[in-house]
Amino acid sequence: MSARQSRRASSGAANGAANGAANGAVDPAASGAAHEASSPDLTALYRTMLRIRRFEERCAELYSAERIRGFVHLYIGEEAVATGVLDQVLPDEAVVTTYRDHGHALARGVPMNEVMAEMHGRVEGVCRGRGGSMHLFHAPTRLYGGNAIVGGGLPLAVGLALADRMLGRTRATVCFFGEGAMAEGAFHESMNLAALWRLPVLFVCENNGYAMGTALERSQSETNLALKAAAYGIPAWTCDGMDVEAVRGAAARALALVRDGGGPMFLEARTYRFRAHSMYDSDRYRDRAEIDRWKLRDPLVLLAGRLDDVDLEAIDSEVAREVEEAVAFADAGHDEPVSELTRYVTSEPITSAGAPR
Amino acid sequence: MSRQQTRARVAAEQPVVTYREAVREGIRDAMRRDDRVFLMGEDVGRYGGGFGVSMGLLEEFGEERIRDTPLSEGGFVGAGIGAALGGMRPIVEIMTVNFSLLALDQILNSAATLLHMSGGQFNVPLVIRMATGGGRQLAAQHSRSLEGFYAHIPGLRVLAPATVADARGMLWTALEDPDPVVIFEHGSLYNMSGGLPADSWAVGIDRAMVSRPGEHVTLVTHGGSLRLCLEAAEALAAEGILAEVIDLRSLRPLDDATVFESVARTHRALVVDEAWRTCGLSAEVAARIGEECFYDLDAPVGRVAAVEVPVPYPRHLEQAALPSAERIAAAARRLLSGSEAARA
Numbered sequence: 400m401s402a403r404q405s406r407r408a409s410s411g412a413a414n415g416a417a418n419g420a421a422n423g424a425v426d427p428a429a430s431g432a433a434h435e436a437s438s439p440d441l442t443a444l445y446r447t448m449l450r451i452r453r454f455e456e457r458c459a460e461l462y463s464a465e466r467i468r469g470f471v472h473l474y475i476g477e478e479a480v481a482t483g484v485l486d487q488v489l490p491d492e493a494v495v496t497t498y499r500d501h502g503h504a505l506a507r508g509v510p511m512n513e514v515m516a517e518m519h520g521r522v523e524g525v526c527r528g529r530g531g532s533m534h535l536f537h538a539p540t541r542l543y544g545g546n547a548i549v550g551g552g553l554p555l556a557v558g559l560a561l562a563d564r565m566l567g568r569t570r571a572t573v574c575f576f577g578e579g580a581m582a583e584g585a586f587h588e589s590m591n592l593a594a595l596w597r598l599p600v601l602f603v604c605e606n607n608g609y610a611m612g613t614a615l616e617r618s619q620s621e622t623n624l625a626l627k628a629a630a631y632g633i634p635a636w637t638c639d640g641m642d643v644e645a646v647r648g649a650a651a652r653a654l655a656l657v658r659d660g661g662g663p664m665f666l667e668a669r670t671y672r673f674r675a676h677s678m679y680d681s682d683r684y685r686d687r688a689e690i691d692r693w694k695l696r697d698p699l700v701l702l703a704g705r706l707d708d709v710d711l712e713a714i715d716s717e718v719a720r721e722v723e724e725a726v727a728f729a730d731a732g733h734d735e736p737v738s739e740l741t742r743y744v745t746s747e748p749i750t751s752a753g754a755p756r
Numbered sequence: 002m003s004r005q006q007t008r009a010r011v012a013a014e015q016p017v018v019t020y021r022e023a024v025r026e027g028i029r030d031a032m033r034r035d036d037r038v039f040l041m042g043e044d045v046g047r048y049g050g051g052f053g054v055s056m057g058l059l060e061e062f063g064e065e066r067i068r069d070t071p072l073s074e075g076g077f078v079g080a081g082i083g084a085a086l087g088g089m090r091p092i093v094e095i096m097t098v099n100f101s102l103l104a105l106d107q108i109l110n111s112a113a114t115l116l117h118m119s120g121g122q123f124n125v126p127l128v129i130r131m132a133t134g135g136g137r138q139l140a141a142q143h144s145r146s147l148e149g150f151y152a153h154i155p156g157l158r159v160l161a162p163a164t165v166a167d168a169r170g171m172l173w174t175a176l177e178d179p180d181p182v183v184i185f186e187h188g189s190l191y192n193m194s195g196g197l198p199a200d201s202w203a204v205g206i207d208r209a210m211v212s213r214p215g216e217h218v219t220l221v222t223h224g225g226s227l228r229l230c231l232e233a234a235e236a237l238a239a240e241g242i243l244a245e246v247i248d249l250r251s252l253r254p255l256d257d258a259t260v261f262e263s264v265a266r267t268h269r270a271l272v273v274d275e276a277w278r279t280c281g282l283s284a285e286v287a288a289r290i291g292e293e294c295f296y297d298l299d300a301p302v303g304r305v306a307a308v309e310v311p312v313p314y315p316r317h318l319e320q321a322a323l324p325s326a327e328r329i330a331a332a333a334r335r336l337l338s339g340s341e342a343a344r345a
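One line per chain: the protein sequences are A and B, in this order. Per our numbering, the very first residue in the first sequence carries number 400; after that it's consecutive. Per our numbering, the very first residue in the second sequence carries number 2; after that it's consecutive.
So this is what it looks like as structure tokens:
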């Protein structure tokens, strides 16, 4: 099936759902899409997810110890989404994400030391400590934040893709956001622009069921999220966001279509955060039983079950060592001198990675 | 060379153009010089721009570079930011400042902030143009003067071309700035004509300008109020009061040194702004004069600003709400009452 045909097929599926024919759009994998991911390195995927998990568990401890401050939004439980998608994103492709961004930064290849130093507000941090947990930017891997305005990153992704198109580059831009963002005007404006101009963007909705403390069905009239993207003529489908292989496969197919000139694609990953919204959140709006039910589908446990003859304990101790090294790196870091407070409000010659050519 | 020949030569070098044409020429020139430059906004293409600024550009540059957008200010301003991050040099036209509020999140939370938040990694070389101001009986929602909102924001450069030369020349300099620049074009200026040398080109954007030299009082203003101040200065001159008129040109950063230098000579300052006085740009300028020129002043700093109401539709009420040459002249006279200039 060609990319064009596949686009029609998946659109048709979503439209069918709109007519009540199906509950949720269909992953074109089910209809045998041509673009299959190469066989995955499951051990590498496991390691990436574990790095995110252990990094954040350590961050939670450090938060309680008051060594990390501000808002910290943990991704624990959702690791399969960033890991599966970013496994398929090429090094020169742009990534835009939200304030729940540790997982994306680590899966994208931002050094853990620099992320941990950023959490500590150290000048050795990935953004010199200026951004903190919610604003991880990394020019070498084209990570454009770390946006703490819900929905704020979507128009940026549209523009990054527009620049690629106008400059004759064939590559995708990947934009992560939560289902809460789909109630924002920015979501709808971005869908319309991307579809109207057929821009190469993969929109990845991380549907963890809650916009802060408000459940999806309490905040949006249409809870079948793929339909919202389909309404703009964007092929949209849903995948199991707890299964990293499923996410990876769906992302591979979507990205192939995007790169092939198929216009924007929308992927909903159904996932769940095991921890509270932020470190301030007492998590009174969810049933304990619901959380426990989702934990049965812990993405790390799911994948571990498929890893035969892999020494998981060895990976665990490698990752534990990396996390402790990152903490030591952050501890040994420096506070930026107050005399530099007003730097980077406007550009300085040469220092900006995105400076004019 | 006869006097007639000289006049002809000057006329040839200084064709008279409208402010609208000057802005258009600035855009056209930038687009010819740099392939990365493109214009994006509501009705900039087939319609020719809400104020007719981009008329004819679609035919010259095509739909990719003269890009019509949906009515989607947050979306296309954000897309402009993204395109700037991705290597383009977008000019985003927001039809008027009133609608820019729909994009304020993108302008403040992204354009003005990404460089700092990313520790210097990502600058945003974006130019946003928009019409501002009232005076045309368009009622409250189409008559705002919100330059002060934007001038409040670190990370933005804010410009207010008040002359044909600045309308022509500020754009290229703004495009060369690696950071976001917001350009305010007062809606009443588009039909204003002025002489513009045929070879006119980019102008500096860092300094305020003395539009009319004087010695008794300094009128500090920008944008659409410049003409009113010049008119007021003309009326005052007939009474022997010589007002110096300063066109701020750049509202952020403010070239307050030029203002201080003038006030040190005239010893009196009147700040004129079409926006509301409370927490407005006039408050900032007046405060700086108070901080830096206190011992030079022979009178308290005066202000002429909009009456604090949403701009009403009826002509007489709108005129009463906004600064006028008469109000400016009257305020200047009050500052000078009892002085030698006033007695002259």
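Don't be surprised by glycine CBs; every beta carbon is placed ideally from N, CA and C. Quantities reported herein were computed from a predicted structural model and do not represent experimental measurements.
Please confirm whether residue i has its beta-carbon closer than 8 Å to some beta-carbon of chain A.
i, result
"Gly347/B", "Chain B is shown from 2 up to 345; residue 347/B falls before or after that span and cannot be answered."
"Gly205/B", "no"
"Gly57/B", "no"
"Glu65/B", "yes"
"His223/B", "no"
"Met32/B", "no"
"His153/B", "no"
"His117/B", "yes"
"Ile28/B", "no"
"Leu86/B", "yes"
Using DSSP with H/G/I as helix, E/B as strand and the rest coil, what is residue i?
i, result
"Trp202/B", "coil"
"Ile290/B", "helix"
"Leu336/B", "helix"
"Ser532/A", "coil"
"Arg213/B", "strand"
"His587/A", "helix"
"Met41/B", "strand"
Any C-beta of chain B sitting closer than 8 Å to the C-beta of residue i?
i, result
"Asp563/A", "yes"
"Pro554/A", "yes"
"Leu595/A", "yes"
"Arg529/A", "yes"
"Tyr498/A", "no"
"Glu588/A", "yes"
Where does residue i land, buried or exposed, given buried means 16+ other C-beta within 10 angstroms?
i, result
"Ala321/B", "exposed"
"Asp36/B", "exposed"
"Tyr296/B", "exposed"
"Thr637/A", "buried"
"His733/A", "exposed"
"Gln122/B", "buried"
"Lys627/A", "buried"
"Asn192/B", "exposed"
"Gln487/A", "buried"
"Thr497/A", "buried"
Thinking just about the alpha-carbon of each residue, which of the options is nearest to the one in residue i?
i, options, result
"Leu231/B", "Phe39/B, Arg34/B and Arg328/B", "Arg328/B"
"Gly225/B", "Tyr296/B, Ala306/B and Glu293/B", "Ala306/B"
"Gly46/B", "Met32/B, Arg66/B and Val38/B", "Arg66/B"
"Gly544/A", "His501/A, Gly577/A, Met565/A and Arg568/A", "His501/A"
"Phe454/A", "Gly577/A, Thr745/A, Ala719/A and Pro599/A", "Ala719/A"
"Ala23/B", "Asp106/B, Asn99/B, Ile154/B and Met171/B", "Met171/B"
"Met678/A", "Leu441/A, Arg450/A and Glu465/A", "Glu465/A"
"Leu282/B", "Tyr20/B, Gly88/B, Ala84/B and Leu147/B", "Leu147/B"
"Ala650/A", "Gly524/A, His503/A and Val573/A", "Val573/A"
"Val549/A", "Met518/A, Met611/A and Arg647/A", "Met611/A"
"Glu689/A", "Phe536/A, Leu702/A, Phe576/A and Arg674/A", "Arg674/A"
"Pro155/B", "Arg145/B, Ala112/B and Gly120/B", "Ala112/B"
In chain order, what residues of the same chain have a beta carbon less than 7 Å from the beta carbon of residue i, not counting five sequence neighbours either side?
i, result
"Tyr151/B", "Leu157, Val159 and Val183"
"Tyr631/A", "Met590, Asn591 and Ala594"
"Trp596/A", "Leu561"
Output needed for residue i: all residues of its chain with C-beta closer than 6 Å, excluding positions within five of it in sequence on either side, in chain order.
i, result
"Asp639/A", "Ala645"
"Asn512/A", "Ala725 and Phe728"
"Ala757/A", "Because chain A spans 400 through 756 in this model, residue 757/A falls outside it and cannot be assessed."
"Ala556/A", "Val495, Thr572, Cys574 and Val600"
Going along the chain, which residues of its own chain have a beta-carbon closer than 8 Å to the beta-carbon of residue i, five neighbours each way excluded?
i, result
"Val17/B", "Ser194, Gly195, Gly196 and Leu197"
"Gly579/A", "Val549, Tyr609, Ala610, Met611, Thr613 and Ser618"
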